[in-house]
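The block underneath contains the structure these notes are about, expressed in C-alpha cells.
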Amino acid sequence: MDGIDEADVAHRTVRKRSRRSAEDLPGNLEGWDRPARTDYREGSRWGGLIWGFGGFPVRSGNGSDVLSAEMDPAKIAALLLLCARVQGGQEARVDDRQALQSSIASQDFRSPPPCSATRALSTGQGSPLLSPNFPGFSPPGFSCSWEFRCPVDMTLQCSTFQLPSSNFCWQSALTYNRKRVCGSSPELRSPVNVGKDLKVEFFSIRSVGFNCTVNCGTVPAPPPPPPCRCGVSQISNGALDAAKNQTQPGAGQVIGGSGVLSQRKYPWIAWIGTSASRVSKCGGSLINDRYVLTSASCIDPSYQTYIVTLGDFNRSTWSDSHSIQIPASAIIHPQFNSSNRNNDIALLKLKIPVDFNAFPHIRPVCLSSSAIPAPSQTVTVVGWSGTGVPHVLPENVLKEATMKVISQETCKASHPVHTTNSTICVQPVDKNSCSGDFGGPVLYQTPSGYYQEVGINSYKNGECLPNSGIVATKTANYVDNFIKSNTQDAQWCPAP
Numbered sequence: 001m002d003g004i005d006e007a008d009v010a011h012r013t014v015r016k017r018s019r020r021s022a023e024d025l026p027g028n029l030e031g032w033d034r035p036a037r038t039d040y041r042e043g044s045r046w047g048g049l050i051w052g053f054g055g056f057p058v059r060s061g062n063g064s065d066v067l068s069a070e071m072d073p074a075k076i077a078a079l080l081l082l083c084a085r086v087q088g089g090q091e092a093r094v095d096d097r098q099a100l101q102s103s104i105a106s107q108d109f110r111s112p113p114p115c116s117a118t119r120a121l122s123t124g125q126g127s128p129l130l131s132p133n134f135p136g137f138s139p140p141g142f143s144c145s146w147e148f149r150c151p152v153d154m155t156l157q158c159s160t161f162q163l164p165s166s167n168f169c170w171q172s173a174l175t176y177n178r179k180r181v182c183g184s185s186p187e188l189r190s191p192v193n194v195g196k197d198l199k200v201e202f203f204s205i206r207s208v209g210f211n212c213t214v215n216c217g218t219v220p221a222p223p224p225p226p227p228c229r230c231g232v233s234q235i236s237n238g239a240l241d242a243a244k245n246q247t248q249p250g251a252g253q254v255i256g257g258s259g260v261l262s263q264r265k266y267p268w269i270a271w272i273g274t275s276a277s278r279v280s281k282c283g284g285s286l287i288n289d290r291y292v293l294t295s296a297s298c299i300d301p302s303y304q305t306y307i308v309t310l311g312d313f314n315r316s317t318w319s320d321s322h323s324i325q326i327p328a329s330a331i332i333h334p335q336f337n338s339s340n341r342n343n344d345i346a347l348l349k350l351k352i353p354v355d356f357n358a359f360p361h362i363r364p365v366c367l368s369s370s371a372i373p374a375p376s377q378t379v380t381v382v383g384w385s386g387t388g389v390p391h392v393l394p395e396n397v398l399k400e401a402t403m404k405v406i407s408q409e410t411c412k413a414s415h416p417v418h419t420t421n422s423t424i425c426v427q428p429v430d431k432n433s434c435s436g437d438f439g440g441p442v443l444y445q446t447p448s449g450y451y452q453e454v455g456i457n458s459y460k461n462g463e464c465l466p467n468s469g470i471v472a473t474k475t476a477n478y479v480d481n482f483i484k485s486n487t488q489d490a491q492w493c494p495a496p
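In the UniProt record's numbering, the protein residues as written are 1 to 496.
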C-alpha cells in the first residue's frame with residue numbers, strides 16, 4: 001500500500017462501523033471478539049493510537065515493541081471509549097491516551113509461556129513461570145526451556161518449588177543463568193536478581209514442579225541482608241563441626257598439598273575456564289560481588305568470555321546444587337609484560353553480581369594496600385594444581401599448602417628475571433605449588449583470624465621441582481589504583 005499512511009488506514013477502518021468484514025479490519029482478522037492490542041506511534045492524525053486486533057503489538061512512540069499481551073475486558077472498554085470519541089468527531093483527550101497507555105503498560109502476562117518461548121517484558125510487567133501440569137506432576141522425562149528479556153534487571157521468585165533432592169540434581173533440576181537447583185531451593189523464596197536476560201531450563205523424571213514469577217523491575221528491594229564480611233573462613237568460626245575443620249592428608253598435591261574437605265574454608269576461591277565444561281584454566285579469588293582477581297598470564301586475548309565457577313571445591317562433580325557458573329569478561333593490567341610477568345594481574349568482571357544473601361557459602365577475600373608480608377611470615381597457597389610435570393590437568397579436589405615468605409635477595413637468586421618490586425616470593429614449608437595454581441591466591445591469615453590475599457600465583461620454574469618456590473604478584477601495589485579504579489560498580493565487604 002505505497003503512499004498510504006498506516007495510521008490513516010487504521011483510523012478509517014475503525015470508523016466503518018457497519019462494515020466489519022475481514023478485509024476492513026486491521027491485521028485482516030475477523031470479529032471484535034479477539035484479544036485487542038494497541039500500537040502507540042507518533043504521526044497519526046489522532047495522537048498516535050493505532051487500533052488493531054490479535055496480531056498488533058503495542059509499540060512505543062519510536063515504533064519499537066514494548067508489549068505484546070492479551071488485554072482484559074476493562075482495557076478493551078477503555079480503548080473502545082477512546083475510539084468512540086474519535087468516531088464522534090471528538091479529539092482524543094491527552095489524559096485518556098496517557099491513562100490507557102499506562103494501564104496497558106502495567107499489565108502482567110496472565111498465562112505462563114509455552115516451551116521454547118522467548119518473552120519480552122516491559123518495565124513493570126511480570127510473567128508466571130510454571131512447570132507443566134502444575135500443581136500436578138510433570139510428565140516423566142520432560143524437558144523445557146524459556147527465555148525472558150527486560151530493559152532493566154529482572155527478578156525470579158518461586159512460591160512453590162518441589163523437585164527431588166538428589167546428588168548433582170540428576171533426577172530433576174531447574175537451571176537459571178547456569179545455576180542448577182533442585183530440592184526445595186530456599187534461595188528462590190525471595191526475589192533473586194537474574195539480570196536483563198534470563199534463560200531457564202527444566203528437566204524432570206517425575207516431580208511436583210514449581211510455581212514461579214519473573215518480574216521486570218517491579219519487585220521492591222528485599223530487606224538488606226546481614227552485612228557481609230570479607231576474608232572469613234566459614235569452618236574456623238564454628239559454621240561446620242570440628243571434624244570438618246581439617247584438611248585431608250594424602251588427597252593429592254598442590255604439588256604435595258593437602259585436600260580441603262569443604263569449600264567453605266576458602267569461600268572466595270574460583271576456578272576459571274573458557275567454557276562451561278569442567279576443564280579449568282586457572283584459579284582466582286572473588287574480591288567483591290562483581291569481580292574475580294587472577295593473573296594476566298591466565299588471560300588469552302582471543303577469548304571474549306570466560307566462565308567463572310564459585311562455591312565449588314571438587315571439580316569432578318557438580319557439587320550438588322551449591323556451585324554457580326557466571327560468564328565474565330577480562331580486564332588485563334595495561335602494563336602487563338608477558339616476558340617477565342611484570343604486572344601479572346587481571347580482573348574478571350562477572351556478567352551478573354553474586355547475591356551474597358542467596359549464596360551465603362560464597363564470600364570475598366579481603367584486600368589491603370598495606371598487606372605486605374614480611375620475610376619468614378607464613379602464608380597459604382590454595383588451588384587445584386596438578387601433580388608431576390608442568391601443564392598437567394589440575395586436580396579435582398581443592399588443595400592447600402603452607403609456605404613462607406622469603407626475602408627479595410633470596411628470590412632473585414632463583415628467579416632473577418621475574419623478581420621485581422611488584423612481586424613477593426614464597427617457598428614451601430613441606431609442600432609445593434605448580435602451574436595449576438596460576439591466578440590463585442597467596443593468603444595471609446591476620447592475628448584477628450580473617451584472610452587477606454597478599455599475592456597472586458604468577459610464576460614458577462618449569463620443572464615444578466619441590467622447594468623451588470613461586471613468584472607472586474604483590475596485590476598491595478595494585479589495590480588503590482588498578483583494582484579500585486576498575487571496580488567502582490562493585491559492592492565491597494568490609495573486613496571483620
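The beta carbon of each residue, even a glycine, is placed where N, CA and C say it ideally should be.
According to the neighbour-count rule (16 or more other Cβ atoms, all chains shown, within 10 Å of its Cβ), is residue i buried or exposed?
i: residue 117; result: exposed
i: residue 21; result: Confidence in residue 21 is poor, its pLDDT being 38 and thus under 50, which makes the residue's placement unreliable; the coordinate value appears in the next sentence. That one is exposed.
i: residue 111; result: exposed
i: residue 338; result: exposed
i: residue 344; result: buried
i: residue 454; result: buried
i: residue 376; result: exposed
i: residue 374; result: exposed
i: residue 66; result: Residue placement at residue 66 is poorly supported in this model, since its pLDDT is 35, which falls under 50; the coordinates still yield a value, given next. Looking at its Cβ environment, which holds 16 or more other Cβ atoms inside 10 Å, residue 66 is buried.
i: residue 151; result: exposed
i: residue 363; result: buried
i: residue 51; result: Confidence is the limiting factor: at residue 51 the pLDDT is only 38, short of 50, which leaves the residue's position unreliable, though a coordinate-based value still follows. The residue in question, residue 51, is buried, as its Cβ has 16 or more Cβ neighbours within 10 Å.
i: residue 303; result: exposed
i: residue 429; result: exposed
i: residue 115; result: exposed
i: residue 437; result: buried
i: residue 488; result: exposed
i: residue 480; result: exposed
i: residue 8; result: Annotation note: pLDDT 39 at residue 8 (below 50); position unreliable, no value reported.
Would a C-beta distance cut-off of 8 Å place residue i and residue j closer than the cut-off?
i: residue 418; j: residue 264; result: no
i: residue 288; j: residue 427; result: no
i: residue 138; j: residue 145; result: no
i: residue 284; j: residue 348; result: yes
i: residue 159; j: residue 182; result: no
i: residue 308; j: residue 367; result: no
i: residue 330; j: residue 352; result: no
i: residue 372; j: residue 476; result: yes
i: residue 414; j: residue 469; result: yes
i: residue 208; j: residue 156; result: no
i: residue 127; j: residue 109; result: yes
i: residue 269; j: residue 281; result: no
i: residue 231; j: residue 478; result: no
i: residue 228; j: residue 129; result: no
i: residue 439; j: residue 421; result: no
i: residue 495; j: residue 424; result: no
i: residue 443; j: residue 382; result: yes
i: residue 327; j: residue 294; result: no
Could you pull the start and end residues of the beta strand (DSSP E) that residue i belongs to?
i: residue 163; result: From DSSP, residue 163 is part of no beta strand (DSSP E); its letter is neither H nor E.
i: residue 195; result: 192 to 204
i: residue 310; result: 306 to 310
i: residue 175; result: 172 to 176
i: residue 211; result: 209 to 216
i: residue 331; result: 324 to 332
i: residue 294; result: 291 to 294
i: residue 270; result: 269 to 273
i: residue 472; result: 470 to 474
i: residue 118; result: 118 to 120
i: residue 180; result: 179 to 181
i: residue 285; result: 282 to 286
i: residue 231; result: Per DSSP, residue 231 belongs to no beta strand (DSSP E) and is neither H nor E.
i: residue 141; result: Per DSSP, residue 141 belongs to no beta strand (DSSP E) and is neither H nor E.
i: residue 127; result: 126 to 130
*asked:* Counting beta carbon pairs with one atom in the region 174 to 181 and one in the region 193 to 211, are three or more of them shorter than 8 Å?
replied: These segments touch.
*Does the region 325 to 334 touch the region 400 to 409, meaning 3 or more C-beta pairs lie closer than 8 Å?*
Taking 8 Å as the limit for Cβ pairs, the verdict is that the region 325 to 334 does not touch the region 400 to 409.
*alpha helix (DSSP H) segments (min. 4 residues) lying fully within the region 351 to 425*: The qualifying runs are 408 to 414.
*If you scan the region 438 to 465 from start to end, which runs of the beta strand (DSSP E) of 3 or more residues do you find wholly inside it?*
If we require 3 residues or more, the beta strand (DSSP E) runs fully inside the region 438 to 465 come out as 441 to 445, 451 to 459.
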